[in-house]
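See structure below.
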Amino acid sequence: MSILVTGAAGQLGSELCTRLGQRATGIDVGHLDLTNATELAAYLESASPEAVINCAAFTQVDRAENEAARCHAINADAVRVLAEACRKLDVPLVQISTDYVFGGVFGGEQGRTAPYTEDDAPAPLGAYGASKLAGERHAATWRRHVIVRSCGLYAAARPGQQFANFAQTMLRLGRERDTVQVVADQVCSPTYVPNLAAAVLFLLEAKAYGTFHVVDRGATSWHGFAEELFRQADLSTRVEAISTEQYIAARIRSGASVGEIAARPAYSVLDTAKYGRLGGPEMPAWQDGIAAYLAATR
Ligand SMILES: NC(=O)c1ccc[n+]([C@@H]2O[C@H](COP(=O)([O-])OP(=O)(O)OC[C@H]3O[C@@H](n4cnc5c(N)ncnc54)[C@H](OP(=O)(O)O)[C@@H]3O)[C@@H](O)[C@H]2O)c1
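Position 125 of the sequence shown, counting from 1, maps to 124 under numbering that gives the first Met the number 0, and the rest follow consecutively.
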């Protein structure tokens, strides 16, 4: 018996597979497209894993706006199949979710400064967040579910891997340019993937069923994150603060249409107290996440 990790080629899935070693069976879209419900159900029945950690997802937030059906098929419909299979096998399902389930009208009010707890009502702003929330609801139909909401994931790619994340994009731009413009009015808790992976495995081993917020400690804007990244990377690149409105205007000037740009929460900091009470691996400060990331990229 092994732990089935979906999205095994992705940032979190690959980290979990590395940590689990021989205990993991990793699958990705090249092996099995999760949107093929019949194949997925048959695969799970024959593989009979001891647990499923679902890291597979349609994660391109902007593209989701124009590809909402595909996004929903991966992020929601596939989770329904996984939950049904896990119920039949009587094994836990760990479903990775996102801070983007928050930010809409029921609590995403401008000026919010209180981190969201697991009891806050989700209200996604865009197609990606809505699909992830639907996925959570499917996962929660099976009693032995662990829903882990995290935020702004970034990992260092190992040889042969290619990840698209904010830290990597900023490092590239920082080396190419004197100045970069970064939004300063979206505040969250960017999280270094190995920190999240340790917490996910702890929650699974602890049989801690329910929903948990797991992010690196503290909060910052993407502007603040880029400044700290450059400081620690010894890059003298200037980080110019812009508003989301200015960012969208610039994207439109360079050819994007409004419908291709997803609305994002102005504030989506997650309260991790519920996770913290379990006594698992402590989540480091986001600045320490950057330090570990830079060390891993060297
Ligand atoms: N990235 C973030 O900032 C962030 C923040 C909060 C929460 N999360 C959540 O955390 C989880 C892990 O994120 P991540 O950053 O590790 O994602 P990732 O790097 O994008 O990995 C996701 C993996 O799922 C695969 N996949 C996509 N569609 C699939 C399909 N139909 N069938 C099978 N596999 C498929 C992807 O393959 P392709 O690359 O070929 O599509 C990719 O290898 C996701 O649930 C995500 O929603 C992410």
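C-beta: ideal position from N, C-alpha, C; glycine also.
Under the three-state DSSP convention, the category residue i falls into
i, result
"arginine 176", "coil"
"histidine 212", "strand"
"serine 1", "coil"
"glycine 125", "coil"
"glutamine 160", "coil"
"cysteine 70", "helix"
"cysteine 150", "coil"
"asparagine 53", "strand"
"isoleucine 260", "coil"
"arginine 237", "strand"
"valine 78", "helix"
"glutamine 21", "helix"
"serine 267", "coil"
"histidine 30", "coil"
Same chain, Cβ closer than 6 Å to residue i, neighbours up to 5 away in sequence not counted
i, result
"glutamate 226", "Val238"
"arginine 79", "His137"
"serine 149", "Thr190, Leu195, Val213, Val214"
"alanine 156", "Phe162"
"cysteine 85", "Val51, Leu92, Trp141"
Of the residues the options, the one placed nearest residue i, counting alpha carbons only
i, options, result
"alanine 75", "Ser267, Leu33, His212", "Leu33"
"alanine 197", "Gln94, Val28, Val213, Val182", "Val213"
"proline 114", "Gly217, Ala284, Pro283", "Gly217"
"aspartate 98", "Gly110, Leu132, Lys87", "Leu132"
"glutamate 64", "Glu259, Ala294, Val179, Leu203", "Glu259"
"alanine 72", "Ala129, Asp118, Cys85", "Ala129"
"glycine 6", "Thr17, Ala23, Thr190, Val28", "Val28"
"glycine 110", "Val257, Arg86, Val147, Pro264", "Pro264"
Beta-carbon gap between residue i and residue j smaller than 8 Å
i, j, result
"alanine 262", "glycine 125", "yes"
"glycine 288", "threonine 190", "yes"
"glycine 103", "alanine 122", "yes"
"phenylalanine 211", "tyrosine 266", "no"
"serine 13", "glutamine 185", "no"
Neighbourhood of residue i by C-beta distance below 7 Å, restricted to the same chain and skipping five residues each side
i, result
"leucine 11", "Cys54, Ile95, Leu152, Val192, Leu195, Ala196"
"histidine 222", "Val181, Val182, Ala183, Val238, Ala240"
"glutamate 49", "Met0, Ser1, Ile2, Val90"
"tyrosine 293", "The question names tyrosine, but residue 293 is leucine in the sequence shown. Only Gln231, Ala232 meet the Cβ criterion."
"valine 199", "Leu15, Ile52, Val93, Val147"
"glutamate 38", "Leu31"
Residue i: CB within 7 Å of a non-hydrogen atom of ligand 2
i, result
"isoleucine 73", "The model depicted lacks ligand 2 and carries ligand 1 instead."
Own chain partners of residue i with C-beta closer than 8 Å, once the 5 adjacent residues on each side are dropped
i, result
"tyrosine 208", "Pro91, Arg142, Arg143, His144, Val145"
"tyrosine 246", "Gln180, Val182"
"glutamate 290", "A small fix is needed here, since residue 290 is alanine in this sequence, not glutamate. Only Gln231 meet the Cβ criterion."
"valine 257", "Ile247, Ile251"
"proline 280", "Asn194, Ala197, Ala198, Phe201"
"arginine 299", "Outside the shown range of the chain (0 to 297) lies residue 299, about which nothing can therefore be said."
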